[in-house]
Structures are given as structure tokens and as C-alpha cells.
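Chemist: From first to last, the protein sequence lines stand for chains S and P.
So that you can map any letter, position 101 of the first sequence is 101 in the numbering used here, and since no number is skipped, the others follow by simple counting.
So that you can map any letter, position 25 of the second sequence is 25 in the numbering used here, and since no number is skipped, the others follow by simple counting.
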Amino acid sequence: AQTVTQSQPEMSVQEAETVTLSCTYDTSESDYYLFWYKQPPSRQMILVIRQEAYKQQNATENRFSVNFQKAAKSFSLKISDSQLGDAAMYFCAWSNTGNQFYFGTGTSLTVIP
Amino acid sequence: DSGVTQTPKHLITATGQRVTLRCSPRSGDLSVYWYQQSLDQGLQFLIQYYNGEERAKGNILERFSAQQFPDLHSELNLSSLELGDSALYFCASSETSGWGGELFFGEGSRLTVL
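1. With a cut-off of 8 Å on the beta carbons, I'd call Phe-68 (chain S) and Val-4 (chain S) a contact; round off their distance for me.
2. Here's a check: name, in chain order, each residue in its chain whose Cβ is nearer than 7 Å to the Cβ of Asp-86 (chain S), leaving out the five neighbours to either side.
3. What's the C-alpha gap between Val-13 (chain S) and Cys-23 (chain S)?
4. Cβ closer than 8 Å: which chain P residues qualify as neighbours of Glu-52 (chain S)?
5. Tell whether a beta-carbon distance below 9 Å holds between Glu-15 (chain S) and Ser-76 (chain S).
6. So with CB distances below 9 Å, who are the chain S contacts of Arg-55 (chain P)?
7. Quick check: is the beta carbon of Leu-76 (chain P) nearer than 9 Å to any beta carbon in chain S?
8. Can you tell me whether Ala-72 (chain S) is buried or exposed, with buried defined as 16 or more other CB within 10 angstroms of its CB?
9. For Tyr-32 (chain S) and Ser-86 (chain P), I'd like the C-alpha separation in whole angstroms.
10. Counting only Cβ pairs nearer than 7 Å, list the residues of chain S close to Ser-109 (chain P).
11. If the cut is a Cβ gap below 8 Å, which residues of chain S does Tyr-33 (chain P) touch?
12. Check distances from the C-beta atoms of the segment 8-30 of chain P to those of chain S and list, in chain order, the residues that come in under 7 Å.
13. Considering only residues of the segment 52-79 of chain S, which uninterrupted alpha helix (DSSP H) runs meet the minimum length of 4 residues and lie entirely inside it, listed in chain order?
14. Give me the residue from P:Arg-63, P:Asp-1 and P:Leu-88 with the minimum Cα distance to Asn-77 (chain P).
15. Using a C-beta cutoff of 9 Å, does Tyr-37 (chain S) count as contacting chain P?
16. To the nearest angstrom, how far is it from the Cα of Asn-59 (chain P) to the Cα of Gly-28 (chain P)?
17. Check whether the Cβ of Leu-114 (chain P) lies closer than 9 Å to any Cβ atom in chain S.
18. Determine the closest residue to Val-4 (chain P) out of P:Gly-101, P:Leu-111 and P:Ser-94, with distance taken between C-alpha atoms.
19. Answer with buried or exposed for Asn-62 (chain S), where buried requires no fewer than 16 other C-beta atoms within 10 angstroms of its C-beta.
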């Protein structure tokens, strides 16, 4: 079974500081994608960043970057220069070649002014 | 705006009743997914359709059913509703250009069962 685990139900960060959200997953497949989605209070799910498992280089999108450790099946999200608008629920997700997606339980991020 | 449309946005009903949630995917997307998000829980995968055919099934109860129509819109039917079915139900569609594409989510349908 495919599982995605987010062990931090809640995190907080001071504005302008850096925070790292953790995610681990379990799969026996070799080809897959990993994602971080953001769900702000508006509840609309928005893609933050995507990583292809066969690419060793960590993905980056402006202030968002990932630390992908394939052997450890770890996929953490780093948010630099945190902004008030980053406050949201963050979900880690995994998808396989059949485009089946599995999500973690989420981490609620609070940004402190 | 993700391009995925869900109706209704809010729905309040009583136990034992039946409701239908509707989803229109992004133009051109052939895959539709349904997810359930209960309070303090992540997104539970219910079911996936691709071009009208069921592709994968997750933790979908027997009281729930879904289908994707020839025009690619999808409906999720929830019957014999229980209090525990109160949740946010998301529909998502994916890009058709192979795997690895992102999911585009609708705004969700908030179901409250009283």
C-alpha cells in the first residue's frame, strides 16, 4: 500500500524566517512524482512544487524548495523568507505512473508577524 | 481559478438522505478524481475516472457511487447518509499529457449531515 506521512500536524514560523515541513512516503515503485499542495483558508488546493523521482536535483520554485532523499523516501518542503500569505495547510502527495494520487494528513502552518 | 467547477458549494441534509455532487473538469482533462476531506484529516482518495471508465478505487463506501459521463463531467452520489459523512468533497482533474501532471482542484462541496 502506498502511504504518505506528515508527522507535524502544526508548525509555526516567524515572518521572514525559514521553516521546513516534513514528509515521508512508502512505495515499492521506482517511477513516481511527489508534490506539495497548499490549502489556504479559502480551501482551494494549489500546487506549490513538484518533484520527479528520477531527477536527483531538488526542485525549487522561488521561495519554496524541496529536499528529496529517494533512498530515505523523504520529501521535505522548505519555505524561505516566510510571508503572512504562506499561512495554510500544506499537503504532501505522491503519484504513480497511473496518475493515482495519495495525500498525507497535512501540516497546518502559522506565520507569526 | 483552477477551471474545475463543483456544485453545490454547500449542502445541508438529514441522515438517511441521498445527495449528488457534480463536477466539471478543466477543458480537455480526461481524468476526474474525487476526494473526501473530513475534519482534522487529510484527503481520502475515493475514486478516479479516466474518459468515462473507472481507473482506480480508494476508500469509497458502498453507499457512495460515482460516474463520469460522455461530456466528461462527473457525479458523486452519496446515499443513506450518516453524520460521519459530513465533510468537504473535492473533485480534481488532471492534465492529459501523460503522468506526473498536477491535479487541479475545484473549490469543494461542503456537505453537512444533520
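Just so you know, even glycine gets a beta-carbon here, dropped at the ideal spot from N, CA and C.
Modeler: The short version:
1. The beta carbons of Phe-68 (chain S) and Val-4 (chain S) sit about 14 Å from each other, so the pair does not count as a contact at 8 Å.
2. Ile-79, Leu-109 and Val-111
3. 18 Å
4. Gly-100
5. no
6. Think of a sphere of 9 Å around the beta carbon of Arg-55 (chain P): the chain S residues whose beta carbon falls inside it are Gly-98, Asn-99 and Gln-100, in chain order.
7. no
8. exposed
9. 32 Å
10. Going along chain S, no residue has its Cβ under 7 Å from Ser-109 (chain P), so there is no contact; the nearest lies around 11 Å.
11. Those within 8 Å of Tyr-33 (chain P) in chain S are Phe-101.
12. none
13. none
14. The candidate whose alpha carbon is nearest that of Asn-77 (chain P) is P:Arg-63.
15. yes
16. 27 Å
17. no
18. P:Ser-94
19. Asn-62 (chain S) comes out exposed.
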